[in-house]
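Keeping their order, the protein sequence lines are chains A and B.
Positions 0 to 365 (numbering that gives the first Met the number 0) are the ones given, in order, by the first sequence.
Positions 0 to 1057 (numbering that gives the first Met the number 0) are the ones given, in order, by the second sequence.
For each residue, glycine too, the CB sits at the ideal point set by N, CA and C.
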Amino acid sequence: MERAKLVLEDGSTYEGYSFGAWKSVAGEVVFNTGMVGYPESLTDPSYRGQILVLTYPLIGNYGVPSKERDADGLFKHFESERVQISGLVISDYSERYHHWSAMTSLSDWLAEYNVPGIYGIDTRALTKKLREKGVMLGKILCDREVDFEDPNQRNLVAEVSIEKPILYPRGETRLVFVDCGTKNNIIRSFLNRNITLIRVPWNYNLFDPALPSYHGIVISNGPGDPKMCRETIEQIRKAISLEIPIWGICLGNQILGLAAGGDTYKLKYGHRSQNQPCLERGTSRCYITSQNHGYALNHDLLPEDWEPWFINANDGTNEGIRHRAKPFMSVQFHPEATPGPVDAGVLFDRFLDKIQKSGVRTQSNS
Amino acid sequence: MKKVLILGSGALRIGQAGEFDYSGSQAIKALKEEGITVILINPNIATIQTSEQMADKIYFLPVNPYFVTKVIEKERPDGILLSFGGQTALNCGLDLDREGVLEKYKVQVLGTPIEAIRNTEDRDLFAKKLSEIHLKVPRSLAAWDLEEAVQAAQKIGYPIIIRAAYALGGEGSGVAWNPEELIELARRAFTSTPQILIEEYLKGWREIEYEVVRDRFDNCITVCNMENFDPMGIHTGESIVVAPSQTLTNQEYHKLREIAIRTIRHLGIIGECNIQFALDYKSDDYRIIEVNARLSRSSALASKATGYPLAFIAAKLALGYGLPELKNSVTKSTTACFEPALDYVVVKIPRWDLNKFKGVSEKIGTEMKSVGEVMAIGRKFEAALQKGLRMLDIGAIGLVGNDFTFKDIRDELERPTDKRIFAIVEALRQGYTVEEISYLTGINAWFLYKIQGVLALEDKIKKYTTLANLPREVLLEAKQKGFSDLQIAKILKTQELEVRKRRKELNIIPVVKQIDTLAAEYPSKTNYLYLTYNGETDDISFEERNKVIVLGSGTYRIGSSVEFDWCCVNTVFTLNKLKYNTIMINYNPETVSTDYDICDKLYFEELSFETVMDIYEKENPLGLIVSMGGQMPNNLALKCYRQGLNILGTSPLSIDRAEDRYKFSKLLDELGVDQPEWRELTSLEDAEQFAKSVGYPVLVRPSYVLSGAAMSVVYDERNLETYLSKASKVSREHPVVISKFIVNAKEIEIDAVAQNGEILTWAIAEHVENAGVHSGDATMIFPPQKIYLETVRRIKNIAQKIAMALKITGPFNIQFLAKDNDIKVIECNLRASRSFPFVSKVSKVNFISLATQAMMGKRIKERRLNLDFDYVGVKAPQFSFSRLKGADPILGVEMASTGEVACLGTDLYDAFLKSLIATGFKLPQKNILLSINSEENRYKLLESIKKLDNLGFHLFATEATSKFLHEHKIPNTLLCKIQESCQPNGLDYLVQRKLDLVIDISTGQPQEDEQAEYLIRRKAVDFGIPLLTNLQLTKLFVDSISRKKLEDLEVKAWDEYV
């Protein structure tokens, strides 16, 4: 049991024990209140640059599953190609794990990606601090001293996006999929619905004549400040003017909102959990959703022809927007789940219905 | 909706206990908030829900279609709630619907519609309904011959389980892994049954539950999921349960969650329900086992585990609210339409009382036998588990450090008993690997690794040999993994207080954390708290003043259940009214006292010396109330007092003088109060000599116990030694006393409240059964109907003398024997007794409120006499023998009932019959079997038997009784005893349910015929035939039915009497 510590920018220090990689790191400290799904969370690219605190105290119980890939080359059990967080902070680590699908321990898996973990921390006290003072910079100290570092100053999306386009051939409906740091399950959710995806880098020219024709655009989730994605916002603005159907998820909601003329701001401590209630405006329905975002959209600044689609039932923040007439819509939460509840999965179908109904066959070079 | 009827669940019994007081009480609160008039039917007089401040009108009547119909006719409610009173209320509702009562009186069923209830209750309909949406239930096929059996097994796939249809107690069942085994088993089964069921065998599959809430707008959430530590095959009520699930991946968790929601939507449930799954241990394959379309034991647990008030929300949804319209009652700012995030782990452990019963099997399995449960909260599984094991109050000090021994450890693992968890510890110690144990028990290895870790830590501590050597780091780790001071002391051969001192020197003290439903994501002012060593800072401050701590009653067990919760809650209510800051400590998830809106602070914690001290030192209150939660907190009085804690009310030194049999007997001698001759046990010879001099039978009893644990009547020298050693084992620290057992004496109790030794109010109640039947099993009449005024006066005077001698301030209870004109004291408790709610409600004088005021030093002028009423209350015991296969349903000095009911009537007979019916007793129509064991008893019952004959009953009798009846010209049919092979045989009559009532009176002494009598009693219970085994009770019963028919019984609300 090697000792390690977590230091926050306000000077507070939490002592615990090291697991995973023996390495000091700095990052932004955020907390997530989900009770299951650490393999999924830790590989979510939206956590890029962040030190993640899990409020559920018992972590590592069921180990980590295999690196099996599906026919499309995606990891079956992970949300991206690697562990994305900078560091992990928990209360109680289960050294001995057990599950029929487990291949390795959480500690070994973290070490494999050179990510440090620290356990034995009063994560509840830490969470309360982050809630009261807002997210903070912090560092896990193991082998050496490191400086605080604000990941939001970096273009994190560029770090986690892909290099060049990938085609996932399926049915006749084709969507361009802007990868700002997507979770694999968004891709799977479309492929399972027999949609052909053309996955492109975050700053790819969506009107590149080399692209095959497509029926709509999807903007994925991703890390950091949405305003960093200037190029993506520009592209989407153009797509709006061309009336190409657009759907955004998480960061995609913020990018669509910015492209439509809205504004974004940083939340005090974000929404990172699997139990966020989102009311669908104009109905009595409330969805329990999975979330991971530190920024939010201010929908009050949207033009008249746009409207909020979903509202967070707890704090009233924006959880989705849509155009009153045209096929542009986005959600702040994660309908693809993994981790978290799958209730909002139906929204994929609703977007695809829209495309079907809109009947527009968009030419990429039009 | 202006007027709504709520059906309660009646008496506590195995499988249906205190959780329904919690759910009913919440429903009442939810309805009253809306200005709705609430009518409640519940004969369980000891519940909180049947208190004045709760429902608008309360009927202490049986919850059955007959009485509920009568109340509906009278009250004409607009709506009815069926899902808050357990299976009793649900079944009653289905009957009322079937009989057209609800339609006739235009009573709307609120919440889940009747049809949906029916679809969940009927197994075939349920399977059909789920197949409509392609969900899996365990496959099951019926077979009438060998060929069909083989085909069915083929269809289902091996392994399969065979069950004989129409067989009781799982006779003729077995598991087959291949066709050869199947044929052999089936052949054997077909010899005793024409039809067998071939079912998919899910042994070792994980058992997972979800609590699901749905509103009429189709919003649907799962509030909590729970994982059973014990796999499929052990009833969830018999299993250790953990919340949230620990071994499920995201994929598994959300797959089951999605199926749960899809199922509940398809069934059309509105409100709350529970869904149980079997989940494979080697894949994510699943089966839906069942859906309970009502509040349940699991939902009560989930409410307490998460802080989400399921019953309250369910009641609101039944009224038509949508989930998003309702607020999270913990944060008060966020919505109720969310799923709680826990940042702790909860462990529930069942409490059994199997050693209270003669002849019952200790094996646990698919049928529920436990009588209560505990819930422990921690930030490590090990800590919660160890806490929970201590909370059971069965002598375990945690996972390790106990003295349980096992003869055949492998058998214990494969065929578990109520000691399974300790058997696992022992197996690990003997060198079994986690994999082997997991294979033998089906328990997920993750849980076993954690247990193994606790053993390893014990070894580590042991290596340091002394407390002084033990490094801070290891001591801290031990505390973090849930070791108690006592446990550490035992390992290091020192004293609990030494460990306490040492850890405080090292600054190892627990921190207080809140349960806030959102894992600290949102600010909340929650007062729902627990202690942990896995943390650095307290969530709360302790600066309030004027604080009083009330100790709760802990787990429900035989002898201590909802009645003490009523006492605790009323104490808190009174303290609130007196403007004190109230702090409750309790850990029973079935209770109202653990609802966080009852008190100012709720510590869901152990009622141990260590924990109470820790909380006391943090809170620094005015004092501690130990006299309301029954025997358990009472036992802490002296120890806490010696550490300087302020015990409110009667001095702990006086409590000790009353509890310690030796000291108390001496006190009575000093006061000149008569008592049965007694002697403190010093040696066997001494005991033998004493017994011989006063004459057998003698009563052996240990001190400081509740419900007569290890108390025995000894009839001869042969058995004296056995019982003496049993008694001294139960109470090692306290003396055992032997006294003369007086036969044929009447038992009378006084419940009273005193202040500085002066009695403020009192109530005297008489038992129907003679002494020898434990007071908790006795039928009680209040006010007494058949005792002399002189007796009353003498009892009152003795009580006053004792109160003065012990300077009692607060509640107390004294039990007396009355024979001829003699009054002897047999027991005195300086705490609230089981009958406090009963006498308080019958007299409408709240004894607990008075006692609390007295203890807080408020000067009370009123003096109340409680004898002269225009009505009678009768309290009757509820037994759960039918759940305890093999147990002998006979009454003795050790308590066996699991609950009680009480009804009011203008006369004794009316009240008595209603109480009896409220315990599930059906009035006989025609055939009665009599088996009366001694000539003396036959003569005593002769008049009653004549009355039965006059009433037109057809009497059957076993040999000696039959002969006796013939001698007295009472016509009867002779039935052979069960073990005799002659015809007509009693067994056939019982099996074919040709008998409406069995009266089996035995003398209680060991004798030759005991086995025959046992069989009659047991089979009567097995086949659901009403049984009377007590002579005085039988007499009263016959007197009652000769005067009253069912139609004559009054249907009157509480306030129409008082």
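- As a beta-bridge residue in DSSP terms, Cys272 (chain B) pairs with B:Val211.
- Val88 (chain A) is outside the set of residues whose beta carbon lies under 9 Å from a beta carbon in chain B.
- Residue pairing by DSSP places Thr263 (chain A) opposite A:Leu296 in a beta bridge.
- Remark: C-beta atoms of Gly215 (chain A) and Pro334 (chain A) do not approach each other more closely than 9 Å.
- With contacts defined by Cβ atoms closer than 9 Å, Leu954 (chain B) and Ile969 (chain B) form a contacting pair.
- Under the Cβ criterion of 9 Å, Asp342 (chain A) is counted among the residues facing chain B.
- Under DSSP, Gly15 (chain A) takes part in a beta bridge, and its partners are A:Ala3.
- The Cβ atoms of Phe781 (chain B) and Val871 (chain B) sit closer than 9 Å to each other.
- In the assembly as shown, Thr365 (chain B) is an exposed residue. Its beta-carbon has fewer than 16 other beta-carbons within 10 Å.
- Contact between Phe835 (chain B) and Cys566 (chain B) holds: CB atoms are separated by about 6 Å, below the 8 Å threshold.
- One Cα belongs to Thr195 (chain A), the other to Glu226 (chain B), and the distance between them is close to 40 Å.
- Distance from the CA atom of Asn220 (chain A) to the CA atom of Val330 (chain A), rounded to whole angstroms, is 10 Å.
- Looking at the DSSP output, Lys347 (chain B) bridges to B:Val240 and B:Met374.
- In the DSSP assignment, Met854 (chain B) forms no beta bridge with any residue.
- With a cutoff of 9 Å on beta-carbon distance, Phe815 (chain B) and Ile807 (chain B) are scored as not near each other.
- When the five nearest sequence neighbours on each side are left out, the beta carbons in the same chain lying within less than 7 Å of the beta carbon of Glu497 (chain B) are those of Leu466 and Ala488, in order along the chain.
- Residue state for Asn43 (chain B) is assigned as coil, using DSSP reduced to three classes.
- Less than 9 Å divides the Cβ of Ile207 (chain B) from the Cβ of Ala277 (chain B).
- In its chain, beyond the 5 residues on either side, Lys4 and Val6 have a beta carbon closer than 6 Å to the beta carbon of Thr12 (chain A).
- Burial of Val453 (chain B) is indicated by the presence of at least 16 other C-beta atoms within 10 angstroms of its C-beta.
- Around the Cβ of Cys223 (chain B), a 10 Å sphere holds 16 or more other Cβ atoms; the residue is buried.
- For Glu562 (chain B), DSSP records no beta bridge to any residue.
- One alpha carbon belongs to Ile113 (chain B), the other to Glu102 (chain B), and they sit about 12 Å apart.
- Secondary structure within the region 234 to 262 of chain A: the beta strand (DSSP E) runs of 3 or more consecutive residues, fully enclosed, are 245 to 248 (chain order).
- Taking 9 Å as the CB threshold, Leu439 (chain B) stays off the interface with chain A.
- Under DSSP, the beta-bridge partners assigned to Cys277 (chain A) are A:Tyr286 and A:Asn311.
- By the beta-carbon neighbour count (other beta carbons within 10 angstroms, threshold 16), Thr897 (chain B) is buried.
- Runs of alpha helix (DSSP H) with 4 or more residues, each lying fully within the region 138 to 169 of chain B, are found at 145 to 155, listed in chain order.
- Counted as a single uninterrupted DSSP element, the alpha helix (DSSP H) harbouring Arg656 (chain B) occupies residues Pro651 to Glu658.
- Distance from the Cα of Asn291 (chain B) is smallest, within the candidate group B:Gly397, B:Ala340, B:Ala115 and B:Leu30, for B:Ala115.
- Within its own chain, the residues whose Cβ lies closer than 8 Å to the Cβ of Gln877 (chain B), once the five positions on either side in sequence are excluded, are Gly9, Ala10, Leu11, Arg12, Ser896, Thr897, Gly898, Glu899, Val900, Thr918 and Gly919, listed in chain order.
- Collapsing the DSSP output to three states places Ile420 (chain B) in a helix.
- Residue nearest to Lys546 (chain B) within the set B:Glu495, B:Glu562, B:Gly534 and B:Asp599 is B:Asp599 (criterion: CA-CA distance).
- Proximity to Ser93 (chain A) across A:Asn60, A:Glu78 and A:Asn113 peaks at A:Asn60, based on C-alpha coordinates.
- Taking a beta-carbon distance threshold of 9 Å, Glu535 (chain B) counts as an interface residue toward chain A.
- In this structure, the beta-carbon distance from Lys347 (chain B) to Val241 (chain B) falls below 9 Å.
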